[in-house]
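There are 2 protein chains.
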Amino acid sequence: MASLISKFFNTTTRIRHKTFILTLSSWVLWGSIIGIIVGSTSALLINFNDFLTEVREANPVTLFFLPIGGIVIGYIYMYYGKGSRKGNDLILEHIHHEQGKIPLRMGPIVFLCTFITHLLGGSTGREGAAIQMGASISEGVNRLFKVNKIDRSILIISGISGGFGSAFGTPLAGTLFGMEAIVIGKTKYEALIPCLVASFVGHYVATAWGIEHEHFIIKSVPDINTINLLKIIGLSIIFSFTSVMYSQLRHEVKRLSDKYMKNLMLRAFVGGIIIIVLTYTIGSRDYLGRGLPMVERAFDGHVPPLSFLAKLVFTAITMGTGFRGGEVIPLFFMGATLGNTLSSVVGLPPSFLAALGMIAVFSGATNTPVSAFILSMEMFEGKGITYFFIACLISFIFSGHHGIYASQKIYEPKS
Amino acid sequence: MASLISKFFNTTTRIRHKTFILTLSSWVLWGSIIGIIVGSTSALLINFNDFLTEVREANPVTLFFLPIGGIVIGYIYMYYGKGSRKGNDLILEHIHHEQGKIPLRMGPIVFLCTFITHLLGGSTGREGAAIQMGASISEGVNRLFKVNKIDRSILIISGISGGFGSAFGTPLAGTLFGMEAIVIGKTKYEALIPCLVASFVGHYVATAWGIEHEHFIIKSVPDINTINLLKIIGLSIIFSFTSVMYSQLRHEVKRLSDKYMKNLMLRAFVGGIIIIVLTYTIGSRDYLGRGLPMVERAFDGHVPPLSFLAKLVFTAITMGTGFRGGEVIPLFFMGATLGNTLSSVVGLPPSFLAALGMIAVFSGATNTPVSAFILSMEMFEGKGITYFFIACLISFIFSGHHGIYASQKIYEPKS
Numbered sequence: 001m002a003s004l005i006s007k008f009f010n011t012t013t014r015i016r017h018k019t020f021i022l023t024l025s026s027w028v029l030w031g032s033i034i035g036i037i038v039g040s041t042s043a044l045l046i047n048f049n050d051f052l053t054e055v056r057e058a059n060p061v062t063l064f065f066l067p068i069g070g071i072v073i074g075y076i077y078m079y080y081g082k083g084s085r086k087g088n089d090l091i092l093e094h095i096h097h098e099q100g101k102i103p104l105r106m107g108p109i110v111f112l113c114t115f116i117t118h119l120l121g122g123s124t125g126r127e128g129a130a131i132q133m134g135a136s137i138s139e140g141v142n143r144l145f146k147v148n149k150i151d152r153s154i155l156i157i158s159g160i161s162g163g164f165g166s167a168f169g170t171p172l173a174g175t176l177f178g179m180e181a182i183v184i185g186k187t188k189y190e191a192l193i194p195c196l197v198a199s200f201v202g203h204y205v206a207t208a209w210g211i212e213h214e215h216f217i218i219k220s221v222p223d224i225n226t227i228n229l230l231k232i233i234g235l236s237i238i239f240s241f242t243s244v245m246y247s248q249l250r251h252e253v254k255r256l257s258d259k260y261m262k263n264l265m266l267r268a269f270v271g272g273i274i275i276i277v278l279t280y281t282i283g284s285r286d287y288l289g290r291g292l293p294m295v296e297r298a299f300d301g302h303v304p305p306l307s308f309l310a311k312l313v314f315t316a317i318t319m320g321t322g323f324r325g326g327e328v329i330p331l332f333f334m335g336a337t338l339g340n341t342l343s344s345v346v347g348l349p350p351s352f353l354a355a356l357g358m359i360a361v362f363s364g365a366t367n368t369p370v371s372a373f374i375l376s377m378e379m380f381e382g383k384g385i386t387y388f389f390i391a392c393l394i395s396f397i398f399s400g401h402h403g404i405y406a407s408q409k410i411y412e413p414k415s
Numbered sequence: 416m417a418s419l420i421s422k423f424f425n426t427t428t429r430i431r432h433k434t435f436i437l438t439l440s441s442w443v444l445w446g447s448i449i450g451i452i453v454g455s456t457s458a459l460l461i462n463f464n465d466f467l468t469e470v471r472e473a474n475p476v477t478l479f480f481l482p483i484g485g486i487v488i489g490y491i492y493m494y495y496g497k498g499s500r501k502g503n504d505l506i507l508e509h510i511h512h513e514q515g516k517i518p519l520r521m522g523p524i525v526f527l528c529t530f531i532t533h534l535l536g537g538s539t540g541r542e543g544a545a546i547q548m549g550a551s552i553s554e555g556v557n558r559l560f561k562v563n564k565i566d567r568s569i570l571i572i573s574g575i576s577g578g579f580g581s582a583f584g585t586p587l588a589g590t591l592f593g594m595e596a597i598v599i600g601k602t603k604y605e606a607l608i609p610c611l612v613a614s615f616v617g618h619y620v621a622t623a624w625g626i627e628h629e630h631f632i633i634k635s636v637p638d639i640n641t642i643n644l645l646k647i648i649g650l651s652i653i654f655s656f657t658s659v660m661y662s663q664l665r666h667e668v669k670r671l672s673d674k675y676m677k678n679l680m681l682r683a684f685v686g687g688i689i690i691i692v693l694t695y696t697i698g699s700r701d702y703l704g705r706g707l708p709m710v711e712r713a714f715d716g717h718v719p720p721l722s723f724l725a726k727l728v729f730t731a732i733t734m735g736t737g738f739r740g741g742e743v744i745p746l747f748f749m750g751a752t753l754g755n756t757l758s759s760v761v762g763l764p765p766s767f768l769a770a771l772g773m774i775a776v777f778s779g780a781t782n783t784p785v786s787a788f789i790l791s792m793e794m795f796e797g798k799g800i801t802y803f804f805i806a807c808l809i810s811f812i813f814s815g816h817h818g819i820y821a822s823q824k825i826y827e828p829k830s
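From first to last, the protein sequence lines stand for chains A and B. Under our numbering, the letters of the first sequence match residues 1 to 415, in that order. Under our numbering, the letters of the second sequence match residues 416 to 830, in that order.
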C-alpha cells in the first residue's frame with residue numbers, strides 16, 4: 001500500500017504527469033485554435049453555398065456556364081494549385097508519408113472552386129471543402145507554432161475532424177472521423193484530444209455564427225425480429241454495393257480524364273457539357289447541386305425509383321472531372337433515395353430506410369464504420385440503434401477495399 | 416466504362432469474391448456456434464448467480480464460509496487449473512503471443528469458482544466468468560474445426576464478444592469490446608464479423624433462455640451548455656482517477672499476495688477473512704456480492720458518500736486474492752455511487768451522474784472508450800449522447816496506461 005502511494009508521488013512519475021499535462025494543454029490549445037477558425041470558415045461555406053444555390057435555382061440559365069466554370073477551376077488548379085488539386089488524397093498522403101506538402105492556399109482555393117461548382121450546378125457536397133480548409137488551417141498552425149513532425153500529422157487529422165464536425169453539425173462523428181478515415185481498419189487514438197477539441201469547438205463556433213443544419217426525421221422504426229434483421233442485412237449489402245459502384249465509377253471517370261484529357265481545363269469543360277446534356281436528357285434538375293430537397297422527399301414521400309443512380313452518375317462526372325465540394329451529401333442522396341425506393345419492395349418504413357441508406361452508403365464509401373454509426377446516433381437521436389450498427393458494419397465489410405479516398409492506407413485486410 | 420465492368424467480372428476478381436464469400440460464411444458459422452453456446456452458458460451463469468445471491472441474502476451466515484471457499488478456489492486452481500488462473504490476462508497473452516495455451520477447462524472452472532464467490536459474499540461481478548467461458552468455447556471450436564493460427568485468435572476474440580454481449584444484454588458494445596479490449600488504442604477490425612455474430616447470437620440465445628437484464632433509468636439529462644460541459648469534463652477526470660485507483664489497488668493486492676503468500680489457498684483464505692473483518696467493521700453488507708441494489712439506489716435515491724471507496728476496497732481484495740467473477744459490475748457500482756455522491760456537489764441530476772459514472776469508470780478501467788460509449792447508448796437509450804461521448808474519451812485519456820487488464824498490449828501511447 002505504502003509502495004503504491006510512493007509510486008504515485010515519486011519524481012519520475014511526477015515528471016511524467018507534468019509532461020502529460022503540458023502535452024494535453026498544448027493539444028487543447030491547438031485544437032481550440034483550429035476549431036475556432038475551421039468553425040468560422042465552415043459557417044461561411046454553408047451560408048455561401050445556401051446563397052449560391054438560391055441564385056442558381058432562381059436563374060436556371062447558370063447551368064450553361066458550368067463548362068466555363070470548369071475551365072476557370074481547371075485554370076486555378078493548373079496555375080495556382082501548388083499540388084492542392086489532389087484534395088483529400090493529398091492530405092492522406094501527407095499524413096502517411098510526410099509527402100506532398102499541404103499548401104496553405106489549398107483551403108481558399110477549394111472554397112472558391114466549391115462556390116463556382118455550386119453556383120453553376122455541379123453535383124457536389126461540402127465536406128471536401130471543409131476538410132481541406134481544416135487541413136490548411138492546421139498546417140498554418142503547424143508553421144506558426146513550429147510543431148514537430150509527428151504532432152504535425154496529428155494536428156492535420158484534427159483539422160479533418162474540425163472540418164467534418166462543423167460542416168455537418170455532428171461533433172461526435174467529426175471527432176472519430178478524423179481518426180478513422182486515415183487508415184482503413186485502424187483508429188488513430190493518439191489524435192483523440194485535438195480531434196475532440198477541434199470538432200466540438202468547430203461545431204459550436206459554426207452554431208454561434210447562426211448555422212442550422214438539415215434535420216431528417218425517422219417516422220417509425222420497425223420492431224427487432226429475425227425477419228427484419230435479415231432484411232436489414234440484405235439491404236446493407238445493397239447499400240454497400242452502391243457505395244462501391246459510386247467509388248469505382250468516380251475513379252474510372254478520373255482515370256479516363258487522366259488518360260485522354262490531361263489538361264485540367266479541358267476535362268472540366270467536357271464534364272460540364274456532359275452534366276448539361278444529362279440534365280436535358282432526363283429532363284430534371286433534381287440532380288444538380290447538393291440536392292437536399294430530394295433527400296427531404298426521401299424522408300417524407302416518394303422519389304423516382306432510379307434517382308439514386310442518376311445522382312451517382314452526376315456526382316461521379318462532376319467530381320471525376322475536377323469540380324469541387326464534397327461527396328458526403330451526394331452519398332446521403334444516393335442512400336436516402338435508394339432506401340426510399342426499396343422500402344416498398346421489402347415492406348419497411350420509407351423514412352427509416354432512407355436514413356439507413358444514407359448512413360450505410362456513407363460507411364461503405366468512406367470506410368469509417370464507427371463514425372458512420374455515431375453519425376446516425378447524432379442525426380436520428382438514437383433511434384434504431386441496433387439496425388444502424390449492423391448496417392454500418394455490414395456495409396463496411398462488403399465494400400472491401402473500395403472507397404472514395406484512394407489514398408486511404410489499408411492497415412489490415414477486413415477479412 | 417467497359418474496363419470497369421470487365422474488371423468486376425474477370426477471373427481473379429471472381430476468385431477473390433468467392434474466397435470472400437467462403438471466408439465470410441465460415442466466420443458466420445463459427446460465430447453462430449460460439450454465440451449459441453456462450454449465450455446459453457451466460458444464461459446459466461446469470462440465473463445461478465441470482466439464485467446464489469438470494470440464498471446468501473437469506474442466510475447471512477454463509478459469509479463466514481468465505482475463507483473456506485477461498486481455500487477451495489485456491490485448491491482448484493492449484494491442482495486443476497492448468498494455467499487458467501491468470502484468467503482474462505491469459506486470454507490476452509494467448510492472443511498476443513500465441514503463448515499460454517487456453518485450457519478448455521478454464522470455462523467450467525471459472526464458473527464453479529464464480530458460484531462459490533457469489534454464494535459466500537465475495538465482491539464480484541460476472542463478465543470475467545462469461546469472457547473466460549467464451550474463450551474456452553472458442554478454443555473448443557478451434558480444436559474441433561482445426562482452425563489455422565491467425566483465425567484462432569480471431570475466434571477467441573469473438574468468444575470475448577459473445578461473453579460480454581450475452582452477460583450484459585448489450586450486443587453492440589459486446590461486438591466492439593472484443594475487438595477493442597485486446598490492444599489499447601487499436602481496434603481489431605479483422606475480427607468484426609465473428610464478433611458481431613457471436614455477440615448478437617449470444618445475446619438473443621440468452622434472451623431466449625429467459626434472461627432479463629437490469630434496467631437503470633436516467634430521469635433527466637441537463638442541457639448542453641459551457642458550464643455543464645466543463646463540469647462533465649471535471650467529473651470525467653475524477654471518474655478516471657477512480658478507475659486508476661481501483662486498478663492499481665487490485666494489482667497491488669495481487670503483487671503483495673504473490674510476494675508474501677505464494678500458496679493460492681492461503682491468500683484466498685486471508686482475503687476471505689479480511690472481507691469478513693471489513694464487513695463487520697463498517698457494519699454493512701452492501702458491499703458483498705454484486706451489490707446491484709446499491710446501484711439501483713444510486714439511480715433512485717441517495718447512497719452513503721464513501722460507498723464507492725468501500726466497494727473499491729472490497730473488490731480489490733476479493734479479486735486480488737484470487738476469488739472469481741468479474742469486475743465490470745463492481746466498476747458500475749463504484750461509478751454509479753460516486754456519481755450519485757457528487758451530484759449534490761456539482762448540482763446535476765443524481766440519476767444522470769450515476770449513469771455517467773458507471774460508464775466513465777468502465778471506460779477508464781478497461782481502456783475501451785468506443786465500447787463504453789456504445790454501452791451507454793444501449794443501456795440508457797441514447798440519452799445524453801454528447802456527455803457520454805466526452806466522458807468516455809476523457810476517462811480513457813486520463814487513465815493513462817493503467818487498467819484492469821495487465822496484459823493489454825499498448826499499441827500507441829495515448830498522448
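Using N, Cα and C, we set each Cβ at its ideal position, and we do this for glycine too.
Confirm, please, whether the CB-CB distance from residue 630/B to residue 581/B is below 9 Å. no
Do residue 576/B and residue 610/B have their C-beta atoms closer together than 9 Å? yes
Excluding the 5 residues flanking residue 549/B on each side, which residues of the same chain have their C-beta closer than 6 Å to its C-beta? 453, 574, 575, 577 and 578
Selected residue, minimal CA-CA separation from residue 495/B, among 679/B, 697/B and 775/B: 679/B
Report the three-state DSSP secondary structure of residue 184/A (helix, strand or coil). strand
Are the C-beta atoms of residue 421/A and some chain B residue less than 9 Å apart? Because chain A here runs from 1 to 415, residue 421/A falls outside it and cannot be looked at.
Count the other C-beta atoms from every protein chain shown that fall within 10 angstroms of the C-beta of residue 188/A, then say buried if there are 16 or more, exposed otherwise. buried
Based on Cα-Cα distance, which residue from 351/A, 330/A and 332/A lies nearest to residue 340/A? 351/A
So, is the C-beta of residue 587/B closer than 9 Å to a C-beta in chain A? yes
Rounded straight-line distance, which links the Cα of residue 455/B to that of residue 616/B: 10 Å
How big is the Cα-Cα spacing for residue 92/A and residue 596/B? 27 Å
Which listed residue (647/B, 612/B, 729/B and 621/B) has its alpha carbon closest to that of residue 706/B: 729/B
Starting from the beta carbon of residue 385/A, find every residue of chain B whose beta carbon is closer than 9 Å, and list them in chain order. 587, 789, 792, 793, 796 and 797
If you pair each beta-carbon of the segment 637-655 of chain B with each one of the segment 810-819 of chain B, do three or more pairs fall below 8 Å? yes
Count the other CB atoms, across all protein chains shown, that sit within 10 Å of the CB of residue 790/B; report buried if there are 16 or more and exposed otherwise. buried
Tell me the start and end of each unbroken alpha helix (DSSP H) in the segment 320-391 of chain A that is at least 4 residues and wholly inside, in chain order. 328-346, 350-366 and 369-379
Closer than 9 Å, CB to CB, is residue 654/B near chain A or not? no
8 Å Cβ cut-off: residues of chain A touching residue 879/B: The structure shown has nothing for residue 879/B, since chain B only spans 416 to 830.
Going by CA-CA distance only, name the one from 275/A, 107/A, 26/A and 205/A that's closest to residue 62/A. 275/A
Quick one: what's got a C-beta closer than 6 Å to residue 416/B's C-beta in the same chain, skipping five residues either side? Bear in mind that a pLDDT of 49 at residue 416/B, under 50, signals an unreliable position, so the model cannot answer this.
Neighbour flag for residue 390/A against chain B, beta carbons, 9 Å: yes
Within 9 Å (strictly less), CB to CB, does residue 808/B reach chain E? Among the protein chains in the structure shown, which are A and B, there is no chain E.
Extent of the continuous alpha helix (DSSP H) run through residue 408/A: Looking at the DSSP string, residue 408/A is not in any alpha helix (DSSP H), and its letter there is neither H nor E.
Specify the secondary structure class of residue 209/A as computed by DSSP and reduced to three states. coil
Is it buried or exposed, residue 369/A, if we count other Cβ atoms within 10 angstroms and call 16 or more buried? buried
Residue 196/A versus chain B: which residues are under 8 Å apart at the beta carbon? 805 and 808
Among 56/A, 212/A, 74/A and 391/A, whose alpha-carbon lies nearest the alpha-carbon of residue 320/A? 74/A
Cβ contact check for the segment 634-644 of chain B and the segment 468-485 of chain B: 3 or more pairs under 8 Å: no
Just the C-alpha distance for residue 457/B and residue 170/A, rounded to the nearest angstrom, thanks. 37 Å
Between 723/B, 692/B and 649/B, which has its C-alpha nearest residue 661/B's C-alpha? 723/B
Counting only the same chain and skipping the five closest in sequence on each side, list residues whose C-beta sits under 6 Å from that of residue 221/A. 352, 383 and 384
Where residue 233/A and residue 605/B are concerned, what is the direct C-alpha to C-alpha distance, given to the nearest angstrom? 19 Å
Could you tell me the distance, in whole angstroms, from the CA atom of residue 434/B to the CA atom of residue 401/A? 15 Å
So, with DSSP's three-state summary, where would you put residue 638/B? coil
Whole-angstrom distance between residue 746/B and residue 530/B, CA atom to CA atom: 19 Å
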